[in-house]
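Encoded as structure tokens, the structure appears first; notes follow it.
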Amino acid sequence: MLTKKAKLSIKDRCIRPAHISAYTHNMGDRKAVIKNADMSAEMQDIAVNTAAYGLDNFNVEKDVAAHLKKEFDRKFGPTWHCIVGKNFGSYVTHEAQNFIYFYLQDRAFLLFKSG
Numbered sequence: 000m001l002t003k004k005a006k007l008s009i010k011d012r013c014i015r016p017a018h019i020s021a022y023t024h025n026m027g028d029r030k031a032v033i034k035n036a037d038m039s040a041e042m043q044d045i046a047v048n049t050a051a052y053g054l055d056n057f058n059v060e061k062d063v064a065a066h067l068k069k070e071f072d073r074k075f076g077p078t079w080h081c082i083v084g085k086n087f088g089s090y091v092t093h094e095a096q097n098f099i100y101f102y103l104q105d106r107a108f109l110l111f112k113s114g
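The sequence shown runs 0 to 114 under numbering that gives the first Met the number 0.
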């Protein structure tokens, strides 16, 4: 496990460690900025793509969060927690390899497994 957060440039994207502090994920005309993650690259991609789907299909942040949480419960087992919004603070405990905090469009997403 890394004790110091690694910073990656754009050229480092294809060799992405599970624990990072800033990473840009391009999805066509949208850009997700992963601020912190303790999660496999594959799970990070699933989180960002599921969040994008949620933003496209739901109008209320609570519904976007519920969609992301339920998808991760289904794909990776319970118990996931998700917070979506424009302004919030957090301090959480999570299971190893099961945490991501990222921005997509004008929203922040916090997704983690605990319990």
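No residue lacks a Cβ here, since even glycine has one placed at the ideal position from N, Cα and C. Bear in mind the structure is a predicted one, so any value in this text is a computation, not a measurement.
N-terminal and C-terminal residue of the alpha helix (DSSP H) that residue i is part of
| i | result |
| --- | --- |
| G53 | 40–56 |
| A65 | 60–75 |
Top-ranked residue by Cα proximity to residue i, from the options
| i | options | result |
| --- | --- | --- |
| G88 | R73, A40, A107 | A107 |
| K61 | V91, G114, L109 | L109 |
| M38 | V63, F71, Q104 | F71 |
| I99 | F111, E41, A40, T92 | F111 |
Residue i burial status per 10 Å Cβ neighbour count (16 or more: buried)
| i | result |
| --- | --- |
| D55 | exposed |
| Q104 | exposed |
Beta-carbon proximity of residue i to residue j, cut-off 8 Å
| i | j | result |
| --- | --- | --- |
| F101 | I45 | no |
| S113 | H66 | no |
| R73 | A51 | no |
| A31 | V47 | yes |
Opening and closing residue of the beta strand (DSSP E) in which residue i lies
| i | result |
| --- | --- |
| D101 | It should be pointed out that residue 101 corresponds to Phe in this sequence rather than to Asp. Per DSSP, F101 belongs to the beta strand (DSSP E) from 98–103. |
| A95 | Segment: none, A95 is in no beta strand (DSSP E) and carries neither H nor E. |
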